[in-house]
Amino acid sequence: MAKTILTVDDSGSLRAMVAFSLKAAGYQVVEAVDGQDGLSKAKEKTVDLVLTDQNMPIMDGLTLIRQLRGLGSYQKVPILMLTTESSDEMKAKGKAAGANGWLVKPFDPKRLIEVVQKVIG
């Protein structure tokens with residue numbers, strides 16, 4: 001059974017690119033338009049990995065990560081930030097919130113798949 005990845009980003013074109021890359025590598029993808037939508041979809045079905053942007057309306061990525069880590073079913077699920085934010089300060093905030101890794105946009109689809117495979121197989 002294919003592993004499922006939740007991708008959370010307010011950019012439709014970026015979500016489509018990420019989803020296309022992940023599906024081509026054999027993963028199932030659930031898409032969410034912002035942190036609140038991501039949290040709702042995560043509660044509906046526990047996924048194997050969460051990829052989230054930081055800067056989104058309604059609920060940002062760090063808030064989403066903290067909310068997910070508060071759920072029993074997401075305490076050990078890997079969460080990666082995929083964002084334009086690359087400062088050491090923001091990475092430290094991500095790590096403190098519970099992020100397991102960080103990828104900077106624009107992303108290389110091949111590198112994305114390499115990281116995902118390393119994290120969840």
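Residues in the sequence shown are numbered consecutively from 1, following full-length UniProt numbering.
C-beta: ideal position from N, C-alpha, C; glycine also.
May I ask you to verify whether the stretch 33–44 touches the stretch 105–117, counting CB pairs closer than 8 Å and requiring at least 3?
no
Apart from the five residues just before and just after residue 119, which ones in its own chain have a Cβ nearer than 8 Å to its Cβ?
For the purposes of this step, residue 119 is taken as residue 119 along the sequence shown, with counting starting at 1. Correct list, in chain order: 49, 78, 80, 100 and 101.
Helix, strand or coil for residue 28, going by three-state DSSP, please let me know.
Stepping through the sequence shown from its first residue, residue 28 is reached at position 28. Residue 28 falls in the strand class under three-state DSSP.
For residue 95, which of 41, 116, 64 and 44 has the nearest alpha-carbon?
Here residue 95 is taken as the residue at index 95 of the sequence shown, counted from 1. If you compare the alpha carbons of 41, 116, 64 and 44 with that of residue 95, the shortest gap goes to 64.
Which residue marks the beginning of the beta strand (DSSP E) containing residue 104, and which one marks its end?
Counting from 1 along the sequence shown, the entry for residue 104 is found at position 104. Its beta strand (DSSP E) spans residues 101–104.
Taking the Cβ atom as the reference point for each residue, do residue 53 and residue 83 lie within a distance shorter than 8 Å?
Your numbering for residue 53 matches position 53 in the sequence shown. Your numbering for residue 83 matches position 83 in the sequence shown. Yes. Within cutoff.
Which residues does DSSP pair with residue 50 in a beta bridge?
Numbered from its first residue, the sequence shown carries residue 50 at position 50. Looking at the DSSP assignment, residue 50 forms a beta bridge with 6 and 79.
Roughly how many whole angstroms lie between the Cα atoms of residue 13 and residue 41?
Here residue 13 is taken as the residue at index 13 of the sequence shown, counted from 1. Here residue 41 is taken as the residue at index 41 of the sequence shown, counted from 1. Taking the straight line from one Cα to the other gives about 20 Å.
Please state if the CB of residue 6 and the CB of residue 32 are separated by a distance shorter than 8 Å.
Sequence index remark: in the sequence shown, residue 32 carries index 32 (1-based). Sequence index remark: in the sequence shown, residue 6 carries index 6 (1-based). Cβ atoms of residue 32 and residue 6: closer than 8 Å.
Near residue 74, what residues of its chain come up, given a Cβ to Cβ distance below 6 Å and the 5 sequence neighbours on each side ignored?
Here residue 74 corresponds to residue number 74 of the sequence shown, with the count starting at 1. Answer for residue 74: 68, listed in chain order.
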